[in-house]
Structure formats: C-alpha cells, structure tokens
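The structure appears right after this line, and notes come after that.
Chains as they are written, first to last, in this note's numbering: chain W, 96 to 227; chain D, 96 to 227; chain S, 96 to 227; chain B, 96 to 227; chain E, 96 to 227; chain C, 96 to 227.
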C-alpha cells in the first residue's frame, strides 16, 4: 500500500496540473500513471523528476526503445516491481516484442551472474581494456 | 589481486585450450582476456559460461550492440569494475560512441534513482500496466 | 506469507517473553510488531538483534530521529518493504513530517543515481578527499 | 582508471565553465572535484546533475548535514568508493564528528542486517504500520 | 502478476516437454514449478537454465544441501521472494531443519552488516589474506 | 585508503585490548586483522560486532565451514572486497579446497542469475512452496 495518497488530476494544485498536462501531451496519452500521482505529494520532486526523465529518455545518440530496455534491465537487477511493470509497458509501446523481452532478461541474468564470477575471483582488469 | 592464478594458453589443459580457441575464433581476435583465464581454474565453469555467453550475446531479436549496452548497465548498477571495463570495450568495438556511453550512464543513473522513489513510496502498479 | 509462525506473547517461552517485555518497556508501548514475533522462532537471534538495535538506535552523537532516517534510507535502497513500513512509522513517531519524508526520498534517489555515475565513469578519488 | 578524461577548468567549454563557476560559488571553494570533471564530458548530464544536487541537498525540512549523512548511508550500502569519500568529506565540513561517523556506520550495518532478516523470514507488514 | 503466461505441460511444445520431463525425472517428482513454466516462453532460456542448474547444483566438492543454503543466502541478500520460497523448499527436502534455516539467516544478516562496516571504513585488505 | 587509523594492539585502550585478546584466544592465533583495528575506533561497535560474530559463526546446527561459505557468498554478491578476502581465508583454514571455492562461486553466479529471471518475469510463488 502506498506510503502517500495518490493525487488525482482534479485534486491537484496548478503547478502539479501543469506537470500532469505536460506528461500527457509529451506522451500523447490522456492519463497519468501512479508514479507521478505519488511523487506529486512533493511538487519539487515531481517537477525535477519529470524534467529529468523527459530529457534523459528523449531520442539522442541512443533511440528511445534502447533506453527503455536499459531502464528495464536496471529495474530487474534492483527488483523494482513498479518500474519493471511501467517500463516494460513503455518498451512494448515502442516496439519491444516478446522475443526481445526474453532476450533482454537473458542478458540481464547473464550479466548478474558473470559480475559475481569477476568479483568473486577478484579478476584484475586487462591492460588492453584501459584507456591509453 | 586475483584469488586464483590466471591460466595462460601454453599452460592450459586440452579442454581449456579448446575453449580459448573457440573464444578467439568467435571473436576474431588473437588473445583471451583475464576473465576466462581466471575461471579456467574450474573447467566446467569455463565451458558453461562461455557457451552461455556465446548463445546469449549472439545476434537475435536484439542486436549485439544493444546487448552489450544492457550488460554494461547491469555491471554499473552492481559496481563490477572488471565487467564495466571489459564490456565497455566490447560495446565500443561494436559501435558505441562516447555520446552513446554518456547517454547510457544517464539512463542507468535515472533508473537507479526512480527505482528508489517507486520503492520508497511503495507505489501500487497501475491496472493498465498489468496483462489482461 | 511468513516463512515461520509468528510467536504471540501468550505462546512465548519465558526467555522470549523477557525480550518482548523489554521491547514494550523501552518503547513505552503495549504491543510487539511482527519482526520480533518472527525472529522469536530463534531466541538467540531475537535477543542479540534486540540488544543490538537498542544500543545502536539509542541517543548518542546522532539523535534517534536522524538514526531512523538513515535506517529508512538503507531500507529503501535495498527495497525491504517491511523495514520501510516499520521504520517510517518509527520516524514519524519521532517527529518526521511528510515534507521530511519527501526530502529523505529525494536524497536517497539522488545518491543512488550519482553512485552509478561515479562507478560507471570509474572516477578516481580526489587527493583532497583522502586523509593526510 | 577513469573511463573518460577529466576536463580541467582551462580546457572547458563556456557552458561547462559556467557550471564549474556555480559549483565553486555555491560551495564557497576554489576547486572542483573529479566527479564534475568526469561528467563534464557530457554537458547535459553535468548541468542536470548539478542542478539536481543543488536543489536536493539545500537546506529544507532536513538540514544539510542530515542530508549528507543519508547520502553517505546510501553510498556505503551500494559500495560506491568515490561517493563515500566525497560525501564523508562534505559531511565533515558540515559538522560530522568521528563519533557521528561511527554511529552512522553502525546504523547502516544494522539496517542492512535487519533488512535481510525481514526479507528472509518474509515477515508480513503489521496492520498498525499501514496508513488508514 | 507474471509478465508472461505460465506454460502448462499439456500446452507445451515437444522441446519444452522434453525439459519438463527431465526436470521431473531428475527431481523424482511429478510436477514442475512456476519458474520453469514462465521461462518456457523462451525455450533457449529454459533449456540453458535447466542444464546449468542441473550441472551446478549436482553433488560435487560441495554437497547438494550446502549448495541450496548458499542459493538461499544469495536470494535473501537480493530479496528475490520467488527464489527464497522455492529454494527454502528444496533445502528442506534435502534436510534443512528450522534451526539450520535460522542460523543461515543469522549468518546472512551478519555478513550483510559486516560488509558495510568494511566498505564504509574502506578497510585495506591485510597482506596475510593475499595469495603469495 | 582507510577512513580511520588502524588501532594497533600497543596503542589500544584496555577495553579494546580485551576484545583483541579474546579474538586471538578464540581463533588460536597471534594477530588481529585490519577489520577489528578499524572498527576499534568505536569501541561499542568493536565489542558488539565481535560478540555477534563469535556467537553467529560458532558451531551449531550448521558447521563453521558451511557458515563461512555462506558468508563468502553474501560478500561476493555485495562485492565487498575486504570480506571476500578475509572470509575466503577463514574458509580455507576450515577446509575449503580450490574445488569447493570454484563450486561455491558457480552457485553464487547461478543464484544471482536466476534471481533476475524470477524477478523480471514476476513469477508467482507456487502454492506448493507456501507453508500450510
């Protein structure tokens, strides 16, 4: 159960409404998911987090789908159930197929495994991997 | 310092040499990095890990560069220095630019941050994100 | 669902009852929360954990509220739902307001984010930060 | 070894210099630590991270020292060596004594321990801890 | 709620059925738990994961019960609810008593605690612990 | 570099010396490793941690070697370099062979991997694994 009330659009202050409006306009959708309704309890966190996510997840040197895949990978590693659900949904909207999701999880599982082999054996970084 | 000796090609048993040969042939390179030389101390782990990595990181529904980016994202989240170095090097060989690396880390940082907002507020998963 | 039965006061052995009594006396309350009822299945763990928490969370160079905030920060980072709930409740009893909770989560989110930028870029520690 | 060159003030672009200037003015100091010199390789990350940290770590419902303690607690939990060093230094400047640092680590250790007892026993959250 | 449908035996393809059959034969049981029914959505992951688990968890220099205890310790540290339940059940079948489970969790809690003291104080590794 | 001075025996206060003496007597050795010399900066932490470790790691329902293996597994998962070194050394003294260490790391790697498959697919816990 949420630690705070979820703030619905009709109950929101003008500054919160302005963020909700921008979220819906940017995402071309007519609803706002619970993440925003929860952090809206602290308007500076809402505004800052939305501006960060809008900037970081925008198309750039990496395309938006790749960014969503990376986001899901981190969320699975950290076991954030909310984020796994919300960003898997975003990734699907941007083109992630069932096969891509399965391969994504296979890579995440592999990396989590090999990270521990490298750490457990305390393997020294090869000179060839270091910058000149 | 490594917990085990690194096994060089010339000191390796035939079964270890066979894996080293396959690594070099698959990667079209003439050397083997320390990760393999360390886990070669336990040949079943060497063989199994190489077969897994060869299968999982191969081109599929996700291209090899995307897989490397996901691998780096997990390694940064877990703070595996060896894996960050080795897979950043792999990703660069497959086309990752400085700009792409910077955007990758920005997404990893964002996801690690938002994961904690979602967990800290114990935000309930929206019905819309659940499968029908 | 709990992995063990929760041991209620009336069903407890004298040594478990003694710890429950001390918990209630120390906290000036008339009930014991599930954490203790679960670990009471192993009386040495119950006794040791209670003695540790009583000593570590007592007023010292840091005041009890600051200690609860730190406890919540760790629990959010590790995603321990039980601990987030129980220690947020403790922090509120010691004076944490909604605004303080929101700022706490904002710092936790920021630190989790910046930790990955520092690790991902493998940033060397400045000499100025090292002890002389 | 850093994954990128550290960008010194004299080599920085005007937009990077502007952030460095603001960091030094805000912190009333005449140098910039490596964290900023590393992320300056990606000016949008530099600017966004600095603005976030300036806003989140400013005095608010929580005082700046408490925020630094929380920041160190997260960094210790995640094992970010750079962040432990840099934010321990910041905390000391804001008044953290040796005794406070020792108590901070004792709370961090305790929380990391109790988090696993709660997760391992899968202890259900008490109704009394839930919001009405 | 699962991100994928669970694939029941009667709906499975021949290659999936072959893995299910081997799981049941190896474990001398007549059912397959949800883990396999979920990852069966990606047959290569199903096959590879089963082969790995069969090889790694088999009797070797470490006996199967010790391996299950280690598996539970990792799952508790990472807070994987599914894995805690499934591998605690496996450990019990292999002889883990309530007392052993309680001691296991006590060690896991202690290690998670001491890990943070070592990291927080940045304690240098003793020469005596390094290999000659 | 350590965040605190390491307190040598000859410079220690009587209460710290008493703990050092008990460590050496209990372990039948004539030296104290850096972990204790670092946390000795806060005598209550030194005393409490030593008493906990002496109680938890003692022979019980689990033998001391199994406890060390579990300790190493947690330390590898959390990437605590100090603890990996110190507890691998302890485990070797208690009988861990190279083969056992290799199998231990293989189980740790597997569990870290499967934890993410279970979390990523959000696999529901089977009824059969729940307590009646």
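Backbone N, C-alpha and C define an ideal beta-carbon position, used for all residues, glycine too.
8 Å Cβ cutoff met for residue i and residue j
i                      : j                      : result
residue 160 of chain D : residue 211 of chain S : no
residue 163 of chain D : residue 155 of chain W : no
residue 172 of chain W : residue 128 of chain W : no
residue 224 of chain B : residue 180 of chain S : yes
residue 165 of chain B : residue 165 of chain S : yes
Best match in the options for proximity to residue i [C-alpha to C-alpha]
i                      : options                       : result
residue 99 of chain W  : D:220, D:175, D:216 and D:222 : D:216
residue 134 of chain D : C:165, C:187, C:149 and C:196 : C:196
residue 123 of chain B : B:101, B:226, B:209 and B:189 : B:189
residue 209 of chain W : D:220, D:202 and D:170        : D:170
residue 130 of chain W : W:119, W:107, W:114 and W:101 : W:101
residue 204 of chain D : B:205, B:185, B:144 and B:226 : B:144
residue 120 of chain W : W:226, W:174, W:149 and W:194 : W:149
residue 158 of chain E : C:118, C:174, C:226 and C:194 : C:194
Alpha-carbon to alpha-carbon, residue j and residue i
i                      : j                      : result
residue 125 of chain S : residue 167 of chain S : 24 Å
residue 192 of chain B : residue 187 of chain S : 26 Å
residue 112 of chain W : residue 104 of chain W : 6 Å
residue 116 of chain E : residue 151 of chain C : 41 Å
residue 132 of chain C : residue 202 of chain D : 40 Å
residue 178 of chain B : residue 97 of chain B  : 15 Å
residue 146 of chain B : residue 176 of chain B : 23 Å
residue 141 of chain B : residue 141 of chain W : 20 Å
residue 221 of chain C : residue 109 of chain D : 44 Å
residue 219 of chain B : residue 213 of chain B : 9 Å
residue 185 of chain S : residue 139 of chain E : 48 Å
residue 106 of chain S : residue 118 of chain W : 54 Å
residue 183 of chain B : residue 182 of chain C : 27 Å
residue 233 of chain S : residue 226 of chain C : Within the shown structure, residues of chain S are numbered from 96 to 227, placing residue 233 of chain S beyond reach of any answer.
residue 174 of chain C : residue 174 of chain B : 8 Å
residue 153 of chain S : residue 153 of chain C : 28 Å
Residue i Cβ short of 7 Å to the ligand ADP heavy atom set
i                      : result
residue 217 of chain B : The ligand ADP is not among the ligands present in this structure, which contains no ligands whatsoever.
CB contact check: residue i to chain F, cutoff 8 Å
i                      : result
residue 118 of chain B : The displayed structure is made up of protein chains W, D, S, B, E and C, and chain F is not among them.
* Asked: What residues in the stretch 136–164 of chain B have a beta carbon less than 7 Å from any beta carbon of chain W?
  -> Cβ contacts with chain W come from 139, 143, 147 and 150.
* What are the residues of the stretch 168–195 of chain C that lie near chain B, defined by any Cβ-Cβ distance shorter than 8 Å? -> Answer set for the stretch 168–195 of chain C: 173, 174 and 175.
* Asked: Using Cβ-Cβ distances below 9 Å, what residues of the stretch 215–226 of chain S are close to chain D?
  -> The residues in question are 215, 216 and 217.
* Report the residues of the stretch 199–215 of chain E with a CB closer than 9 Å to any CB of chain B, ordered along the chain. => From the stretch 199–215 of chain E, only 199, 200, 201, 203, 204, 205, 206, 207, 208, 209, 210, 211, 212, 214 and 215 have a Cβ closer than 9 Å to chain B.
* Interface residues of the stretch 97–120 of chain C facing chain B [CB-CB below 8 Å] -> Listed in sequence order: 98 and 99.
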